[in-house]
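Take a look at the structure set out below.
Numbering (the working numbering), first residue to last: 55 to 261.
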């Protein structure tokens, strides 16, 4: 069947607009951030009619064993197959640790069995600084030449010059980088984390 590609930049816009609704504060640890963000995309997938699985797994042929997927969305259509899912619509990974950024890409683009190649991929990765993005994006392009997925990579890092967290999203297909969008993540007056787009943040500062 033809691959079903999502509008992943629109997914990112929803992630930004709805971030305050996750009710994350400065008192929450990193594990809670990971859980709430994964749950957000799981709920979105179910609203779109997919079956969502947290801590799913798929076989990695290179490593010779199964590896976990933070979130998978599977498409069921009994008109096509009455016994099995017809496609892995989305594989998502959310990683807080900087030193696991390459491992995150290995999971998203692992050589796997037929039926487990995701149509869409989302990676949300905390990184040490903006300097890391170019290297990681080159890896995505290289790995996706074989996999041919629709890809959204979201990098989060602290901007030391202004003391806020930058959130940079990049959209790829099998031909390479297709677009990007940038946001910021900051605390509101009550200590809850929210996001807004970079251009909106700049307008707020001017006001």
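Built from N, CA and C at the ideal position, the CB exists for glycine as well.
Query, Result
"Other residues of its chain near residue 213: CB distance less than 6 Å, five sequence neighbours each side excluded", "220"
"Reference residue 74, options 255, 245, 258, closest by Cα", "245"
"Buried or exposed (CB count within 10 angstroms, at least 16 for buried), residue 189", "exposed"
"Counted within 10 angstroms of its Cβ, other Cβ atoms place residue 145 as buried (16 or more) or exposed", "buried"
"N- and C-terminal bounds of the alpha helix (DSSP H) containing residue 257", "252-260"
"Residue 190: CB within 8 Å of a non-hydrogen atom of the ligand ATP", "The ligand ATP is absent from the structure shown, which contains no ligands of any kind."
"The alpha helix (DSSP H) enclosing residue 213, as first and last residue numbers", "No alpha helix (DSSP H) holds residue 213; the beta strand (DSSP E) holding it covers 204-213."
"Beta-carbon contacts of residue 84 that lie in its chain and below 6 Å, excluding the five residues immediately before and after", "150"
"DSSP beta-bridge partners of residue 191", "In DSSP, residue 191 forms no bridge with anything."
"Inter-residue Cα distance where the pair is residue 202 and residue 239", "31 Å"
"Chain-order list of residues whose beta-carbon lies under 8 Å from that of residue 164 (same chain, five-residue window excluded)", "112, 114, 115, 116, 117, 121"
"Assigned exposure category for residue 64 - 16 Cβ within 10 Å defines buried", "exposed"
"From 231, 223, 228, 230, residue whose alpha carbon lies closest to that of residue 67", "223"
"Straight-line gap, residue 91 to residue 97 (C-alpha atoms, nearest Å)", "10 Å"
"Cβ-based neighbour list, residue 106, same chain, cut-off 6 Å, excluding 5 preceding and 5 following", "96, 99, 100, 127"
"Residues sharing a beta bridge with residue 99, DSSP", "Partner(s): none; residue 99 has no beta bridge."
"Proximity winner among 123, 119, 215, relative to residue 262 (alpha-carbon distances)", "Since the displayed the chain opens at 55 and closes at 261, residue 262 lies outside it and no answer follows."
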